[in-house]
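Just below is one structure, and these are the notes that go with it.
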Amino acid sequence: MKNSFKIPQLLLRLALGVGFLTTVSDRLGLLPTDTRNIEWGAWNKFIDYTATLIPFLDRPVVNVMGGLATFFEASIGILLIIGFKTRYAAIASCVLTLIFALSMTVFLGIKAPINFAVFGTCSGSLLLSTIPVYNWSLDNLFKKSE
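Taken in order, the sequence shown gives residues 1 to 146; the numbers are from full-length UniProt numbering.
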């Protein structure tokens, strides 16, 4: 069977991975704050936003949840870009963004996850998890060496 997913899976992996790493960079204040499209620009602003998504938790727990979300987003982003454990990273991405989408919808309304392209990220991640071969990835490299 011919693999017609070579370029599309690579572009999807890169788009999702870079998207995750960009949002992590934004909340850690690593992006230039004098440019447009910076959502948070600092950790405290991100935690304030996180508190709106989980208002039933106390602030110390919100800090932990924000830290966990950031860790998972950074990890998923790196795994997708390098193509290591790609299927698992894509599934984790789908689950994480589905949780975000549901929380955003419940506490902020349907427009919030649409503005952040959370549904597209969730769907793209689910699609990526179904692709049979990840060319130009560590997964494929290790598979060939077996």
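Where a beta carbon is used, it is the ideal one built from N, C-alpha and C, also for glycine.
By the 10 Å Cβ neighbour count, where 16 or more other Cβ atoms means buried, how is residue i classified, buried or exposed?
{"i": "residue 76", "result": "buried"}
{"i": "residue 64", "result": "exposed"}
{"i": "residue 148", "result": "With the chain represented from 1 up to 146, any question about residue 148 goes unanswered, as that position is not in the structure."}
{"i": "residue 61", "result": "exposed"}
{"i": "residue 130", "result": "exposed"}
{"i": "residue 68", "result": "exposed"}
{"i": "residue 39", "result": "exposed"}
{"i": "residue 23", "result": "buried"}
{"i": "residue 121", "result": "buried"}
{"i": "residue 58", "result": "exposed"}
{"i": "residue 139", "result": "buried"}
Looking at residue j and residue i, is the spacing between their C-beta atoms short of 9 angstroms?
{"i": "residue 125", "j": "residue 97", "result": "yes"}
{"i": "residue 123", "j": "residue 20", "result": "no"}
{"i": "residue 16", "j": "residue 90", "result": "yes"}
{"i": "residue 6", "j": "residue 27", "result": "no"}
{"i": "residue 30", "j": "residue 81", "result": "no"}
{"i": "residue 141", "j": "residue 9", "result": "no"}
Can you determine whether any heavy atom of the ligand SAM sits closer than 8 angstroms to the C-beta of residue i, and answer yes or no?
{"i": "residue 62", "result": "This structure lacks the ligand SAM, and indeed carries no ligand of any kind."}
### Task
Please confirm if the stretch 43 to 54 is in contact with the stretch 93 to 108, defined as three or more CB-CB distances below 8 angstroms between the two stretches.
Taking 8 angstroms as the limit for Cβ pairs, the verdict is that the stretch 93 to 108 does touch the stretch 43 to 54.
### Query
Is the stretch 105 to 121 close to the stretch 77 to 89, with three or more CB pairs under 8 angstroms?
no
### Task
Scan the stretch 31 to 110 and note each continuous alpha helix (DSSP H) run of 4 residues or more that stays entirely inside, going in chain order.
43 to 53, 59 to 82, 86 to 108
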